[in-house]
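Report on the following structure.
Protein chains: 4
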Amino acid sequence: MAQMSEFDLVVRNGRVATASEVFAADIGVRGGVIAAIARDLPKAARDIDVDGCWVLPGGIDSHCHIEQLSGMGVMCADDFYSGTVAAAFGGTTTVIPFAAQHRGMVVPEVLADYSARAAAKSVIDYGFHLIVANPDERTLTLDLPEVIRSGITSIKLFLTYERMRVDDSIVLAVMDVARREGAMVMVHAENHEMIQHRVASLLEQGYIAPKYHAVAHDALAEVEAVSRAITAARFIGVRLMIVHVSAAETVDMVRRAKAQSPLILAESCPQYLFLSEADLDRPGLEGAKFCCSPPPRDAVSQRAVWKGFMDGTLDVYSSDHAPYRFDETGKLPKGEATTFKEMANGLPGLELRLPLLFSHGVMGGLISINQFVALSAANHARIYGLEGRKGTVAVGADADLAIWNPARQTVVTADMLHDRTGYTPYEGMNLMGWPETVISRGRVIVENGQLHAEPGSGRYLARDKLSWDAPI
Amino acid sequence: MAQMSEFDLVVRNGRVATASEVFAADIGVRGGVIAAIARDLPKAARDIDVDGCWVLPGGIDSHCHIEQLSGMGVMCADDFYSGTVAAAFGGTTTVIPFAAQHRGMVVPEVLADYSARAAAKSVIDYGFHLIVANPDERTLTLDLPEVIRSGITSIKLFLTYERMRVDDSIVLAVMDVARREGAMVMVHAENHEMIQHRVASLLEQGYIAPKYHAVAHDALAEVEAVSRAITAARFIGVRLMIVHVSAAETVDMVRRAKAQSPLILAESCPQYLFLSEADLDRPGLEGAKFCCSPPPRDAVSQRAVWKGFMDGTLDVYSSDHAPYRFDETGKLPKGEATTFKEMANGLPGLELRLPLLFSHGVMGGLISINQFVALSAANHARIYGLEGRKGTVAVGADADLAIWNPARQTVVTADMLHDRTGYTPYEGMNLMGWPETVISRGRVIVENGQLHAEPGSGRYLARDKLSWDAPI
Amino acid sequence: MAQMSEFDLVVRNGRVATASEVFAADIGVRGGVIAAIARDLPKAARDIDVDGCWVLPGGIDSHCHIEQLSGMGVMCADDFYSGTVAAAFGGTTTVIPFAAQHRGMVVPEVLADYSARAAAKSVIDYGFHLIVANPDERTLTLDLPEVIRSGITSIKLFLTYERMRVDDSIVLAVMDVARREGAMVMVHAENHEMIQHRVASLLEQGYIAPKYHAVAHDALAEVEAVSRAITAARFIGVRLMIVHVSAAETVDMVRRAKAQSPLILAESCPQYLFLSEADLDRPGLEGAKFCCSPPPRDAVSQRAVWKGFMDGTLDVYSSDHAPYRFDETGKLPKGEATTFKEMANGLPGLELRLPLLFSHGVMGGLISINQFVALSAANHARIYGLEGRKGTVAVGADADLAIWNPARQTVVTADMLHDRTGYTPYEGMNLMGWPETVISRGRVIVENGQLHAEPGSGRYLARDKLSWDAPI
Amino acid sequence: MAQMSEFDLVVRNGRVATASEVFAADIGVRGGVIAAIARDLPKAARDIDVDGCWVLPGGIDSHCHIEQLSGMGVMCADDFYSGTVAAAFGGTTTVIPFAAQHRGMVVPEVLADYSARAAAKSVIDYGFHLIVANPDERTLTLDLPEVIRSGITSIKLFLTYERMRVDDSIVLAVMDVARREGAMVMVHAENHEMIQHRVASLLEQGYIAPKYHAVAHDALAEVEAVSRAITAARFIGVRLMIVHVSAAETVDMVRRAKAQSPLILAESCPQYLFLSEADLDRPGLEGAKFCCSPPPRDAVSQRAVWKGFMDGTLDVYSSDHAPYRFDETGKLPKGEATTFKEMANGLPGLELRLPLLFSHGVMGGLISINQFVALSAANHARIYGLEGRKGTVAVGADADLAIWNPARQTVVTADMLHDRTGYTPYEGMNLMGWPETVISRGRVIVENGQLHAEPGSGRYLARDKLSWDAPI
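Protein chains in written order, with my numbering: chain A, 27 to 498; chain B, 27 to 498; chain C, 27 to 498; chain D, 27 to 498.
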């Protein structure tokens, strides 16, 4: 018990917040793990005094696309190095990107490939969700159970995108496996046929500008698919995460569904709080920079998403980082002639996700610091099988910490960011508060604007199985 | 920093839960406060090994009547000694009973009286809510602001009970003061006139048995008054706690109201989970033992209340302890001739509140251990201005802990309980899990079934002011 | 059977509409009653060819104040002559104004007085609702049953207005009598205390302009009182008409209530479709011309009221005609110094009610001609005990007909109207469609812009009792 | 104008009801059309005195399968003669069965075939809906517009049944054509994949009894598909009829949808009012007699369907007559070894539809006689393009009348019925009220229990186009 004096690191004098507490304490780290939370801990090998700053759990971004081929077949701009570096600079210490099985790919090979790339390059810890596009009998009976046992306890399904979408029979079959094996299902819920129907009609009439992307992806396409996914999950009895809820009517539907069933969970993202369909109508092809699916909506929906976060209807706040450059490799495959249908769908967000919410949500008085921790980290951990390890400041948890200076003011520019998208949809915004120091398993990986982490220093996280009938 | 080896008490090897975390750690207490949470803390003056048990924040019972004259003018059976002793044995370490201004009483005198009695007898810490029955101009402009500044930051209003009920103009006036001064309003919401109307009709027809109490207090009387209170709170912009929600339709109304406004909070109690109107129809006058207002309802409402706790519609779980003996001093003022209208309204619950929820909720798989902590302690602290001090296991908080043995089985009998009611409505129930050791500010006050606390050892808690527009 | 050739009047070649039918037919009238509906009826004493025009049931205005002292104690500008003349010119052939018991008045005397005045002056048929302000035991046990038996089968209660408002115990007592005796209850539902609270606050701050009337009568005051009235009606089991629903949230509440109980009925009026709170902010004291209670709301509420009419949530469309002159006798008792609190509350509408709805609703394509008949006449008859006699074009019904020229365009001016208000809030509006010929019990009372009816030629309508449990 | 004395038929002294009126009158018929409604019409060639009886519009059954191959590929037991005879004996004078395009069939040929058969055998008037199973480009661009112009203004789509089901892209394409051409879309809404998933699971476990049909067709399968159909209709802007709503949650969903959009219409049928899943669990294979899709549900859903009819959420009451014999041609293709999956889905109902609703709804006091007319006839006419011709008692309408003796008591037996199913699911029920005399276009086709109509005497009804944006 002499160990009280032998910490590798002490974070001293912080205002600490978890999802439910705020307290003043020192945090003692040993072996990458939080070993003590106390007042006046003894001096350690490394001692950081954070007086006046918040010490929060490092963020978890459970929805981001890194070094992945998109549903449209485009490789995203970030690899596991640039992606995790950007995350770290934004206060995020865990990412859960996707291993994506496109049609024709074999699941174990897909996983081996993603695992190798991530292991070589990541600077923070990571897990994977598995995207399944066309599971055959072998996938369902052998691969998925094996994948789930290996710690990938969430399977994502797309209801739209030609290369990835699955029909209802596959949704049900995958849900059934997930329920039995202790995994959950995530769903990109937009009705493919509605979008196709509208796209055909728009193109026929010569409507090709970026703003028509929002017309094509009508809110009703989301409403329909979310209803279908919810009902399927209730039918099977599996836990469901509806990712990137964007429309007011969908938020209402999720609220009602949660009153009916504890199986239903939901997520939204910064683009649905801070951007709108008006951005898609910026001059020329500028709107392409705001093109993602579902698209940013109107002010009514923005308020509904805020309210969803405030009252707990929406459980997690993720980036849906999907970085594509504003050039022929991403947004403009046909240059100036690119139609809304051809632009890569997706926005960068890994780095600014948390500063945006901290500034407008916490400093703006809309959510408490506990809600910030819950939405940015703790709920991700609880829902995705990392409870007790990530997303909290508690003894035994990994020492993943973000030290936020609430007084730091920043004007957003693309130059300051660390991903490889080359632009940011939040250019020029004023933010209050920034995660100045970021710690991953006790390693200070970001400090004074500098990175102190080697590629490959992040570790793979095998996530816990989920019990479909346990309270969440 | 040598203090790491100088704790008054160490609770060792616990599975600790807060409202959001579960972790394994020792808890070091110094000066009545949690000073360290760590693995392998050094040996202390007092060392308790709780291997295999849950270490939870001591419960907070924010709705209990102790040594108080009821709305019907009956003194309850427990004083501040027996009441707080019963609470302690049931794992509760903080109570917030009421100081009650009946018509004709002066607020400062009321408070001085209650404060003196509680200070002399309580064995655990306590705060007060203030019941206001007929505020005059002085009460509104001088007394209430002073009361709120003194740490009584919640004002309770009754919409029924002849001696206490207030009309809408008073509701609005008090809400307005509360909003300005940083307090919240609690409301007993039943429509007085509907009850009177029904009572008159029942008595006229000779219906006097206990079961007619449930007929008189129709669920619609609750629905009406809850709607009125919610709308008034939205009109004024004040935080509102609807106590003892009992009916399914009311739970739905609260759920809708919360989607409209963050000002609305709600509570329910064990009697609405575990008892029903059928209990009021037990032979002879036995039903009087289950007579409280609002009354226990039917199975549909029981399920709705459970669901309300599960999905967060109901924020706090309290006892509404209102102990009256099954004799002429309480339930049977006219002996065998007592009508439902004359029976004292109220049930004991201070001691069994938490064992009931732990057993059926946590052990029964309906709620998680985090939800148990939230409903039984943490949400009370957050809502009622005790955040950071009570309801949590965090550095700097009071060392109020309950050590729950989840494997302990108990058959409820009135004999085993420590309040003075003389009966329990839960007689014969089988419970799994019990708070075997209870610690208040570092003092082990309950251990091996024995009390170790002197009358008057509990302290008054001045509660924090509330900001009506801060996220909760 | 030779009578087929002996009609007093034939209305020939009309497009006839009832609440559910449209057909082309002649209408044969004998003895004031519709005796035949057929093609090619024989020529009659009086023969009107209405080729190209709609033949609709004469309108019923079941909510209008004529020759009545208001809740604020002001006599309205119209007597039973000018009021019924204005109604007739607007296509209305039946009115159901109020006999108003103010505090201290005796019900039988009140009725005798109103009956005498109406009998002497009315040019169209009329019934009465009874307003009850302070019923004593005699009123409840003797007068109301007698009144109901005499054909006044609806009792109106005010929840606000100092001279008229009743508390919940009276609401319940009157509802109970109404249920037993076969009457319904109408309610002006605004929370009096909320309004008083807000008024005091506004006046204290010096806010006196007309627009503050809308601030004082917050939509939440309506929401609260409507909820209370609905719950009381469900508690007692009596049929309830919520008059002048104005706010979007109230429309939603009524829609939900109707899904719970068939007892609930609702009304709205032209001012909530065509006027808004912006009108109350016209320059100077002009806003007083738009001051009524509840006040016109915003565009969201206007749309909600339209939707309520379209989907059947709102059952009847009435005028709430309450005519006060724009001078010291009505709107401006203190001239230029008049505050919003002192202005008589109410707007004229008897004459323009139907032309407004016909033009914007029917010609504008929002409602069908059948819905127009239902909202303007048939539903009034069905709900208020005139079924089979009024509000329809059917054999045996009174020959009350309005012949609408759908092509007639009109620009509204106060000069063209026949009431004595002296202004119209709809000044300058363009209307399409007008009831050019109006027939009451077979008498052509309006034709070519001329009146052909003597004062006192209208008859009293004893209305049918209502069965609280019959389908409506 | 001498024609007043020249009627072919007078129905004398009836109590007549339409969807909105009740009146006492004689009805004079000339040339098959109602020529006069009046008191004391002169004597006619044929004179029927119906003193004491209701004269109602003949029923319209807008959902019945006659001489049609089912979605499972089974021919139903009734041809156009037995089907229309059964309808007539039950008070129905118009049927709108289906012309069904199965996969591989050409629409014009399908129509020619059905038209020829119906023309040769029907004894009452009839229209058609068109079922489309796999429309190709020609179907969409040429056939459907032509079909709609020919008076088939409703297209039905199945979301389940292997031979008929269409995917969302076809749903949208057909809806788009319907919207443009002035037709509506009807939908059998159950999620095919959910049913298949459950069926596979049940069969795998050896669950084959009739009661498992209800397990396989989970209410959630209906909820999902109804939501999808509603959202698709809102997306396209086309009028949608959801047929055979069976589950409480679906009724609630339709009620909410109607508050959002006037495009949504809904139907239910006697089996959802009078039968339940318990009937499917009758001994042996008896349950097969109650096997239809969706299946009868529980008591909660029965009440919800009643409430849906009472408050207007459900617009029309149809039979979904789908007659299959209790032998190897229908319910038991494999005799005693038949599994729930192999039984023909469907119940007879053409003849008892109206007597069941009249007895329990009107005589039981749940709905008014006007609601009966609306649900059984008038709403069908209004919605399906027969307004002014059928479903009403109005001058100019076809003289289709049913004369109901409200005092006639009947005990249901299969023997008394005129369809060819051979059994009735309502065997043994006591009914009050019966349509003793039935008149089609002035011909008395049922009288004293005898049929007076030749095969082929019914006429085809070309139905009106529908305007998607007109008030309905």
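Glycine included, C-beta positions come from ideal geometry on N, C-alpha and C. Since this is a predicted model, take the numbers as computed values, not measurements.
- Residue nearest to residue 95 (chain D) in terms of C-alpha spacing, selected from D:256, D:234 and D:140: If we check each option's Cα against that of residue 95 (chain D), D:140 comes out closest.
- Query: Taking the Cβ atom as the reference point for each residue, do residue 90 (chain A) and residue 134 (chain A) lie within a distance shorter than 7 Å?
  - Reply: Residue 134 (chain A) sits away from residue 90 (chain A), with the two beta carbons spaced by 7 Å or more.
- Under a three-way DSSP split, which group does residue 27 (chain A) fall into? Any answer about residue 27 (chain A) is weak, because its pLDDT of 41 lies below 50 and its placement is not dependable; what the coordinates show is given next. DSSP places residue 27 (chain A) in coil when its eight states are reduced to three.
- Query: Does the region 387-402 of chain C come within contact of the region 487-497 of chain D, defined as at least 3 CB pairs closer than 8 Å?
  - Reply: Yes, the region 387-402 of chain C touches the region 487-497 of chain D.
- Between residue 422 (chain A) and residue 50 (chain B), is the Cβ-Cβ spacing less than 7 Å? Yes, they are a contact pair.
- Query: Measuring CA to CA, which of A:171, A:261, A:318 and A:428 is closest to residue 347 (chain A)?
  - Reply: Just measuring C-alpha positions, the residue of A:171, A:261, A:318 and A:428 sitting nearest residue 347 (chain A) is A:318.
- Own chain, CB closer than 6 Å to residue 369 (chain A), minus 5 neighbours either side, in chain order: In the same chain as residue 369 (chain A), and ignoring 5 residues on each side of it, the C-beta atoms closer than 6 Å to its own belong to 314, 317 and 357, in chain order.
- Message: Against chain A, with Cβ distances strictly below 7 Å, would residue 198 (chain D) count as a contact?
- Response: True, the Cβ-Cβ gap to chain A drops below 7 Å.
- Message: Quick check: the Cα distance between residue 257 (chain D) and residue 478 (chain D), rounded to an integer number of angstroms?
- Response: Straight-line Cα distance between these residues: approximately 47 Å.
- Quick one, are the C-beta atoms of residue 330 (chain D) and residue 277 (chain D) less than 7 Å apart? Yes, the Cβ-Cβ distance between residue 330 (chain D) and residue 277 (chain D) is below 7 Å.
- Task: Identify whether residue 435 (chain A) lies in helix, strand or coil by the three-state DSSP scheme.
- Result: Three-state DSSP puts residue 435 (chain A) in a strand.
- Item | residue 196 (chain C): first and last residue of the uninterrupted alpha helix (DSSP H) it sits in | Per DSSP, the unbroken alpha helix (DSSP H) holding residue 196 (chain C) starts and ends at 194-207.
- Item | Beta carbon proximity, residue 41 (chain B) to chain A, threshold 7 Å | Closer than 7 Å: no.
- residue 436 (chain C) versus residue 295 (chain D): straight-line alpha-carbon distance, rounded: If you draw a straight line from the Cα of residue 436 (chain C) to the Cα of residue 295 (chain D), it comes to about 48 Å.
- Item | Simplified DSSP assignment, three categories, for residue 104 (chain D) | Under the three-state reduction of DSSP, residue 104 (chain D) is assigned to coil, being neither helix nor strand.
- Item | Beta-carbon spacing of residue 45 (chain D), residue 400 (chain D) below 7 Å | Taking 7 Å as the Cβ cut-off, residue 45 (chain D) and residue 400 (chain D) qualify as a contacting pair.
- Query: Do you know how far the Cα of residue 407 (chain A) is from the Cα of residue 383 (chain B)?
  - Reply: Spanning the two alpha carbons is a distance of roughly 26 Å.
- For the alpha helix (DSSP H) holding residue 253 (chain D), just list the boundary residues, first then last. For residue 253 (chain D), the uninterrupted alpha helix (DSSP H) segment begins and ends at 245-262.
- Determine whether the Cβ of residue 250 (chain D) lies closer than 7 Å to any Cβ atom of chain A. With 7 Å as the cut-off, residue 250 (chain D) counts as an interface residue toward chain A.
- Message: For chain A, check one thing: does any of its Cβ atoms lie closer than 7 Å to the Cβ of residue 409 (chain B)?
- Response: It does not; no Cβ of chain A falls within 7 Å.
- Query: Near residue 152 (chain B), which residues of its chain fall below 6 Å by C-beta distance, leaving aside the five closest residues on each side in sequence?
  - Reply: 121, 144 and 484.
- Item | Runs of alpha helix (DSSP H) lying entirely within the region 394-441 of chain D, each at least 4 residues, in chain order | If we require 4 residues or more, the alpha helix (DSSP H) runs fully inside the region 394-441 of chain D come out as 395-399 and 405-409.
- Can you list the residues of chain B that residue 418 (chain A) reaches, using a CB-CB cut of under 9 Å? Contact of residue 418 (chain A) with chain B by beta-carbon distance below 9 Å involves 46, 47 and 49.
- Would you call the CB atoms of residue 198 (chain A) and residue 250 (chain D) closer than 7 Å? Contact: no.
- Query: For residue 378 (chain B), does the three-state DSSP call read helix, strand or coil?
  - Reply: The three-state secondary structure of residue 378 (chain B), taken from DSSP, is coil.
- Message: For a contact defined as C-beta to C-beta under 7 Å, what are the partners of residue 389 (chain D) on chain A?
- Response: Result: empty, since nearest Cβ-Cβ is about 37 Å, beyond 7 Å.
- Item | Within-7 Å CB hit, residue 36 (chain A) to chain D | Closer than 7 Å to the CB of residue 36 (chain A) there is not a single CB belonging to chain D.
- Item | Contacting residues, own chain, Cβ-Cβ under 6 Å from residue 487 (chain B) (five flanking each side not counted) | If we look at residue 487 (chain B) and ignore the five residues flanking it on each side, its Cβ neighbours are 151 and 153.
- Message: When you compare the CB of residue 438 (chain D) with every CB in chain C, is at least one pair closer than 7 Å?
- Response: Under the 7 Å criterion on CB atoms, residue 438 (chain D) is classed as non-interfacial with respect to chain C.
- Task: Label residue 167 (chain C) either buried or exposed according to how many other C-beta atoms from any shown protein chain fall within 10 Å of its C-beta, with 16 as the threshold for buried.
- Result: Looking at its Cβ environment, which holds fewer than 16 other Cβ atoms inside 10 Å, residue 167 (chain C) is exposed.
- contact_flag[the region 73-88 of chain B, the region 30-42 of chain B] where n(CB pairs < 8 Å) is 3 or more: Yes, the region 73-88 of chain B touches the region 30-42 of chain B.
- Message: Give me, in chain order, the residues of the same chain whose beta-carbon lies closer than 7 Å to that of residue 462 (chain A); leave out the 5 immediate sequence neighbours on both sides.
- Response: Within the same chain, residue 462 (chain A) has close Cβ partners 429, 431 and 434.
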